[in-house]
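The opening residue of the sequence shown carries number 1 in our numbering; numbering runs sequentially from there. Cβ atoms here follow ideal geometry from the backbone N, Cα and C, with glycine treated the same way.
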Amino acid sequence: MRILFIIIGCTFFLANDKKQASPRKIIDVHFHAHLSTDYPSPPPANAVTGKTPGWKNDKEMMSRMLATLKDNNVVKAIACGSLTTVGNFQIADPQRIIPALSYPDAQHNSLPDTAEFVRYFQEKRFTVFGELGLQYEEKILSDPELEPYLSICERMAIPVAFHTGITGPDKVYTCCPKARSHLGNPQLIEDVLVKHPRMKIQLMHMGYPWLEETKAIMFMYPQVHADLGVINWRIPVAEFYNYLKSFIDAGFEKRIMFGSDQMAWADAIPLAIKTLRMLHF
Ligand SMILES: [Zn+2]
Numbered sequence: 001m002r003i004l005f006i007i008i009g010c011t012f013f014l015a016n017d018k019k020q021a022s023p024r025k026i027i028d029v030h031f032h033a034h035l036s037t038d039y040p041s042p043p044p045a046n047a048v049t050g051k052t053p054g055w056k057n058d059k060e061m062m063s064r065m066l067a068t069l070k071d072n073n074v075v076k077a078i079a080c081g082s083l084t085t086v087g088n089f090q091i092a093d094p095q096r097i098i099p100a101l102s103y104p105d106a107q108h109n110s111l112p113d114t115a116e117f118v119r120y121f122q123e124k125r126f127t128v129f130g131e132l133g134l135q136y137e138e139k140i141l142s143d144p145e146l147e148p149y150l151s152i153c154e155r156m157a158i159p160v161a162f163h164t165g166i167t168g169p170d171k172v173y174t175c176c177p178k179a180r181s182h183l184g185n186p187q188l189i190e191d192v193l194v195k196h197p198r199m200k201i202q203l204m205h206m207g208y209p210w211l212e213e214t215k216a217i218m219f220m221y222p223q224v225h226a227d228l229g230v231i232n233w234r235i236p237v238a239e240f241y242n243y244l245k246s247f248i249d250a251g252f253e254k255r256i257m258f259g260s261d262q263m264a265w266a267d268a269i270p271l272a273i274k275t276l277r278m279l280h281f
């Protein structure tokens with residue numbers, strides 16, 4: 001579990017560190033390696049900053065994303081996507097990029113079979129299994145399709161990064177007609193946690209807005225961690241702070257990890273960092 005240990009040890013930075021002279025090293029556990037064609041042309045503007053991404057092709061997109069990580073002292077980023085896309089990001093910046101296998105991915109690739117899955121992990125083509133955006137496909141983690149993969153993850157200590165919470169406001173009417181809000185409730189993973197007690201799992205988006213349900217899962221299952229992807233820049237800041245503070249007050253501080261979930265928008269990365277640097281508690 002080297003990866004998870006490093007993440008937990010380094011990522012969470014709070015206002016107490018504001019006075020430090022040198023910038024903190026940051027690990028982004030929720031970074032996306034996309035193709036430019038995963039988005040319409042031109043790509044949509046960042047809903048918060050209003051800026052439209054300036055990249056025009058895959059190469060420009062990748063170099064913009066990698067430069068933004070570097071400029072913001074993000075020393076490691078767990079990049080999720082298809083094996084090909086994350087592989088290209090890793091080739092371009094091998095010291096910074098840690099590859100993760102998304103399912104489903106933006107190019108609608110099917111999962112490798114279980115033998116290939118093991119081989120790809122052993123070959124270090126991926127280190128984390130996720131983002132598992134099952135909510136977009138009206139599936140849950142206990143879906144029989146996933147069970148053999150989760151057994152492998154438990155046995156081989158592969159962290160599982162699972163999308164929880166909600167989707168974007170217009171997803172049901174655009175890309176993802178099967179997505180449903182109730183499928184993001186972290187309570188739905190409980191049977192999987194019971195069946196796989198040694199499986200390490202990362203609740204992406206920290207279950208937002210399922211506050212009590214997420215806290216109940218994190219209290220009862222100490223192997224569960226969470227990341228702050230998207231909620232640290234996309235939702236109103238006061239709402240994010242209230243949500244985060246409730247987890248910190250409950251004693252989960254050391255199990256919360258920084259993630260940006262920048263998707264098409266490189267400017268989301270400094271925005272997410274700034275939101276956390278301005279924390280007042
Ligand atoms: Zn997600």
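Asked, Found
"Buried or exposed by the 16-neighbour rule on C-beta atoms within 10 Å, applied to F219", "exposed"
"Residues proximal to ligand 1 by C-beta, any heavy atom closer than 7 Å", "E131, G133, H163, M204, H205, G229, V230 and D261"
"The segment 90 to 109 / the segment 34 to 48 touching (three or more Cβ pairs under 8 Å)", "yes"
"Check whether V29 and M257 have beta carbons under 8 Å apart", "yes"
"Alpha-carbon to alpha-carbon, T84 and L283", "Residue 283 lies beyond the range of the chain shown here (1 to 281); nothing can be said about it."
"Stretch pair the segment 41 to 53 + the segment 243 to 252: three plus CB contacts closer than 8 Å", "no"
"Own chain residues within Cβ distance below 8 Å of Y241, not counting five before or after", "L279, H280 and F281"
"Closest Cα partner of A81 within the set R125, V118 and R64", "In the sequence as presented, Ala is not what sits at residue 81; that position holds Gly. Of the listed residues, the one whose Cα sits closest to G81 is R125."
"Burial state of R155 (16 or more Cβ within 10 Å)", "exposed"
"For K178 and I27, the rounded distance between their alpha carbons", "32 Å"
"Spatial neighbours of R99 in its chain, beta-carbon cut-off 7 Å, leaving aside the 5 residues before and after", "A small fix is needed here, since residue 99 is Pro in this sequence, not Arg. Same-chain partners within the cutoff: A79, V86, G87, Q90, R125, F126 and T127."
"Whether G207 touches A226 by CB criterion (8 Å)", "yes"
"Sheet register partners of H225 (DSSP bridge)", "Q202"
"Where Q135 falls, given that 16 or more other Cβ within 10 Å makes a residue buried", "buried"
"G81 - partner residues in DSSP beta bridges", "L101"
"Alpha-carbon spacing of R64 relative to Y120, whole angstroms", "27 Å"
"For F162 and M285, believed in contact at Cβ under 8 Å, the rounded distance", "What is shown of the chain runs 1 to 281, which leaves residue 285 out entirely."
"First and last residue of the uninterrupted beta strand (DSSP E) at A106", "Per DSSP, A106 belongs to no beta strand (DSSP E) and is neither H nor E."
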